[in-house]
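To keep things clear, I will list the structure first and then write my remarks on it.
Listed below in structure tokens is the structure:
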């Protein structure tokens with residue numbers, strides 16, 4: 158009887174793999190480094206070896222596997238099983254990943270965007286259980302999202318729905334984003350661009366304890382900002398307030414478009430905690446036309462960095 162499933166989350170830095178039973182209990186998991194420079198055959202061999210190793214160490218035959226779900230930080234043609242474009246793993250561009258993996262593994266393979274699958278995991282098993290409509294936001298190095306509409310994961314016409322980080326929120330603020338726009342929320346409020354803002358301000362002569370925590374300018378990240386924030390560092394307060402303001406605008410626009418006010422958030426930037434989240438929510442409530450009548454709920458995600466892995470495994474029985 159086929160009673161196990163595997164979920165894989167392939168990131169530009171790390172790849173996570175989990176073995177689940179039919180009821181989505183996690184039986185085993187591991188994480189390993191991804192080689193973003195690997196060519197396509199090497200990357201497919203890498204994923205195949207992870208699956209085979211997981212089965213071997215768990216004593217499970219491939220014949221007992223329902224299938225493998227895979228998450229990628231990419232635009233995905235879900236029906237065709239093709240990774241259309243990936244910014245940080247160039248060999249995946251226009252790659253027929255589903256067919257390549259099915260040929261190697263001999264089992265069913267389904268793939269989707271990592272933020273979509275994080276949304277699916279939170280909807281089915283995590284912070285969004287019981288919500289027919291919710292928006293998931295990954296506040297991390299970049300900003301991604303997933304949409305649950307009427308109880309189903311919404312992918313859009315071309316598999317690109319939920320790219321909330323590219324929502325245009327300013328015509329005068331932000332750095333150039335890889336998408337080519339200056340003023341999308343990712344160019345202002347992502348971890349990478351908030352760190353760049355801090356670095357540039359310090360280069361301009363701003364005194365800040367952030368540099369003490371980071372050690373060097375090139376090492377400035379949101380962990381260092383968070384440590385400085387707890388000491389009421391003025392630059393940390395500035396960058397956090399700036400990032401939170403534009404995220405509040407983003408959530409307000411999403412509410413106006415979808416009439417959804419249940420937001421689940423995760424990602425490394427969210428680890429800044431209440432000094433950041435409270436400002437983000439306050440900015441949303443400042444702009445919202447509906448919050449008095451229908452107060453929004455901002456709920457921390459349950460699965461953290463494992464959300465994509467859980468969502469990938471859910472694909473095997475739930476092609477939402």
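Numbering (the numbering used here), first residue to last: 158 to 477.
A virtual CB, placed ideally from N, CA and C, is assigned to each residue, including glycine.
Please read these numbers as outputs of a predicted model, since none were measured by experiment.
Going by DSSP, name the residue or residues bridged to residue i.
| i | result |
| --- | --- |
| residue 162 | 177 and 224 |
| residue 171 | 190 |
| residue 454 | 419 |
| residue 239 | 234 |
| residue 183 | 177 |
| residue 460 | DSSP, once it has assigned bridges, lists no residue as partnering residue 460. |
| residue 342 | Beta-bridge pairing links residue 342 to no other residue. |
| residue 268 | 227 |
Using CA atoms only, rank isn't needed, just tell me which of the options is closest to residue i.
| i | options | result |
| --- | --- | --- |
| residue 222 | 176, 243, 245 and 185 | 176 |
| residue 462 | 235, 183 and 275 | 275 |
| residue 431 | 401, 308 and 420 | 401 |
| residue 203 | 471, 165 and 433 | 165 |
| residue 291 | 311, 298 and 299 | 311 |
| residue 300 | 273, 288 and 289 | 273 |
| residue 333 | 368, 326, 422 and 344 | 344 |
| residue 298 | 193, 346, 287 and 323 | 346 |
| residue 186 | 234, 349 and 209 | 209 |
| residue 271 | 305, 231, 246 and 212 | 231 |
| residue 324 | 194, 469, 331 and 342 | 342 |
| residue 452 | 335, 433, 224 and 442 | 442 |
| residue 411 | 444, 167, 425 and 424 | 444 |
| residue 391 | 331, 353, 366 and 327 | 366 |
| residue 200 | 180, 287, 302 and 172 | 172 |
| residue 336 | 244, 450 and 373 | 244 |
| residue 425 | 224, 460 and 473 | 460 |
| residue 304 | 327, 220, 416 and 168 | 416 |
| residue 433 | 380, 467 and 468 | 380 |
| residue 224 | 397, 348 and 163 | 163 |
Would you tell me roughly how many angstroms separate the C-alpha atoms of residue i and residue j, rounded to the nearest one?
| i | j | result |
| --- | --- | --- |
| residue 264 | residue 258 | 8 Å |
| residue 189 | residue 278 | 21 Å |
| residue 280 | residue 260 | 31 Å |
| residue 428 | residue 388 | 16 Å |
| residue 269 | residue 218 | 25 Å |
| residue 471 | residue 418 | 25 Å |
| residue 340 | residue 294 | 18 Å |
| residue 282 | residue 364 | 45 Å |
| residue 351 | residue 375 | 13 Å |
| residue 262 | residue 161 | 14 Å |
| residue 475 | residue 284 | With a pLDDT of only 46 at residue 475, under 50, the local geometry of the prediction cannot be trusted, and no value is derived from it. |
| residue 477 | residue 159 | Residue placement at residue 477 is flagged as unreliable, the pLDDT there being 38, under the threshold of 50; the coordinate-derived value follows with that caveat. Whole-angstrom Cα-Cα distance: 21 Å. |
| residue 454 | residue 248 | 39 Å |
| residue 236 | residue 267 | 9 Å |
| residue 238 | residue 313 | 15 Å |
| residue 456 | residue 421 | 5 Å |
| residue 355 | residue 399 | 11 Å |
| residue 447 | residue 321 | 20 Å |
| residue 174 | residue 198 | 19 Å |
| residue 226 | residue 465 | 10 Å |
| residue 369 | residue 170 | 26 Å |
| residue 196 | residue 214 | 27 Å |
| residue 242 | residue 309 | 24 Å |
| residue 192 | residue 206 | 14 Å |
| residue 289 | residue 371 | 42 Å |
| residue 329 | residue 234 | 34 Å |
| residue 409 | residue 211 | 43 Å |
| residue 184 | residue 228 | 19 Å |
| residue 251 | residue 240 | 5 Å |
| residue 168 | residue 246 | 9 Å |
| residue 395 | residue 458 | 26 Å |
| residue 467 | residue 377 | 31 Å |
At which residues does the alpha helix (DSSP H) containing residue i begin and terminate?
| i | result |
| --- | --- |
| residue 262 | 254-262 |
| residue 433 | 431-444 |
| residue 467 | 464-471 |
| residue 408 | 391-415 |
| residue 333 | Run containing residue 333: none; DSSP gives neither H nor E here. |
| residue 203 | 197-215 |
| residue 285 | Where residue 285 is concerned, there is no enclosing alpha helix (DSSP H), given that its DSSP letter is neither H nor E. |
| residue 387 | 379-387 |
| residue 367 | 367-371 |
| residue 356 | 348-360 |
The beta strand (DSSP E) spanning residue i covers which residue range?
| i | result |
| --- | --- |
| residue 292 | 291-296 |
| residue 232 | 231-234 |
| residue 310 | 309-311 |
| residue 304 | 300-306 |
| residue 282 | First-last for residue 282: 271-282, but that is the alpha helix (DSSP H), not the beta strand (DSSP E). |
Can you check whether the C-beta of residue i is within less than 7 Å of a C-beta belonging to chain B?
| i | result |
| --- | --- |
| residue 445 | Among the chains of the structure shown, chain B does not appear; only one protein chain is present. |
Does the region 358-366 come close enough to the region 312-321 to have 3 or more Cβ pairs within less than 8 Å? The region 358-366, when compared against the region 312-321, does not touch it at the 8 Å Cβ threshold.
Would you call the region 248-255 and the region 378-386 in contact, with 3 or more CB pairs under 8 Å? no
Any chance the region 405-413 sits against the region 435-448, with 3 or more Cβ pairs inside 8 Å? yes
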